[in-house]
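**Q** Heads up: the sequence shown begins at 13 in this note's numbering, then just goes up one per residue.
Where is the CB? At the ideal position from N, CA and C, for every residue including glycine.
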Amino acid sequence: MRPQIVLFGDSITEQSFRLGGWGAALADTYVRKAEILNRGYGGYNTKWGLFLLHHLFPLDAPTPPVAATIFFGANDAALLGRTSERQHVPLEEYKENLRRIIQHLKKCSPSILVVLITPPPVDEAGRFEQARYNPPSRYW
13 MRPQIVLFGD
23 SITEQSFRLG
33 GWGAALADTY
43 VRKAEILNRG
53 YGGYNTKWGL
63 FLLHHLFPLD
73 APTPPVAATI
83 FFGANDAALL
93 GRTSERQHVP
103 LEEYKENLRR
113 IIQHLKKCSP
123 SILVVLITPP
133 PVDEAGRFEQ
143 ARYNPPSRYW
């Protein structure tokens with residue numbers, strides 16, 4: 013059985029195996045060397061990710077993963093007062109949730125390599141400018 017590398021996160025992880033995605037590139041790099049498992053959940057934040065830990069990473073697993081990426085933050089950072097505010101997690105809670113996820117992974121396997129990935133910052137002004145003037149929007 014090949015070693016497992018688990019990609020755990022939100023929709024950015026879930027979609028990482030699309031053409032040109034970072035998960036696909038990782039799977040290509042480790043072909044025949046490791047199994048790359050996609051455990052991305054669209055819309056999830058760290059708070060909801062905590063509920064999945066014991067199912068995805070059981071403490072009594074016979075062969076725990078050798079590595080895991082943790083890629084949350086885009087939904088946690090959802091702004092209050094917008095339609096996605098139910099996904100919002102306050103910054104201090106976000107930090108604590110990440111600590112708890114890491115601690116759980118280390119309990120599963122003290123030697124596991126944990127790679128934290130955070131989303132890039134959002135340029136609000138640029139985002140709205142692009143949304144209004146991108147080629148398809150000129151037809152509205």
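Please list, in chain order, all residues of the same chain as residue 78 whose beta carbon is under 6 Å from its beta carbon, the five residues on each side excluded.
**A** These residues qualify, in order along the chain: 15.
**Q** Could you tell me how far apart the beta carbons of residue 46 and residue 17 are, in whole angstroms, since I believe they sit closer than 8 Å?
**A** With 8 Å as the limit, residue 46 and residue 17 qualify as a contact, their Cβ atoms being about 5 Å apart.
**Q** What are the residues that DSSP puts in a beta bridge with residue 85?
**A** Residue 85 pairs with nothing; no bridge assigned.
**Q** Contact check, residue 153 vs residue 50 under 8 Å by CB: the rounded distance?
**A** Because the chain here runs from 13 to 152, residue 153 falls outside it and cannot be looked at.
**Q** On a CA-only basis, which of 61, 96, 13 and 90 is nearest residue 117? Give me that one, please.
**A** Closest option to residue 117, Cα to Cα, is 61.
**Q** Can you tell me the Cα-Cα spacing of residue 32 and residue 26, whole angstroms?
**A** When rounded, the distance between both Cα atoms is 13 Å.
**Q** Work out the CA separation of residue 80 and residue 124 for me, nearest whole Å.
**A** Rounded to the nearest angstrom, the two C-alpha atoms are 7 Å apart.
**Q** Kindly indicate which three-state DSSP category residue 93 falls into: helix, strand or coil?
**A** In the structure shown, residue 93 sits in coil (DSSP, three-state: anything other than H, G, I, E or B).
**Q** So the candidates are 21, 102 and 91; which of them puts its Cα closest to the Cα of residue 136?
**A** Cα-wise, what sits closest to residue 136 is 91.
**Q** Quick check on the DSSP output: what are the complete beta strand (DSSP E) runs of length 3 or more inside the segment 57-86, in order along the chain?
**A** DSSP runs (the beta strand (DSSP E)) wholly in the segment 57-86: 79-83.
**Q** Counting C-beta neighbours from all protein chains within 10 Å, is the total for residue 39 16 or more, i.e. buried, or is it exposed?
**A** Buried: at least 16 other Cβ atoms inside 10 Å.
**Q** For residue 24, does the three-state DSSP call read helix, strand or coil?
**A** Note: residue 24 maps to helix in three-state DSSP.
**Q** Where does the unbroken alpha helix (DSSP H) through residue 35 begin, and where does it stop?
**A** Looking at the DSSP string, the run of the alpha helix (DSSP H) that includes residue 35 is 34-41.
**Q** Which same chain residues end up closer than 8 Å to residue 110 when comparing Cβ atoms and leaving out the 5 residues on each side of it in sequence?
**A** 58, 82, 84 and 128, listed in sequence order.
**Q** Distance, Cα to Cα, residue 87 vs residue 24?
**A** The alpha-carbon atoms of residue 87 and residue 24 are separated by roughly 10 Å.
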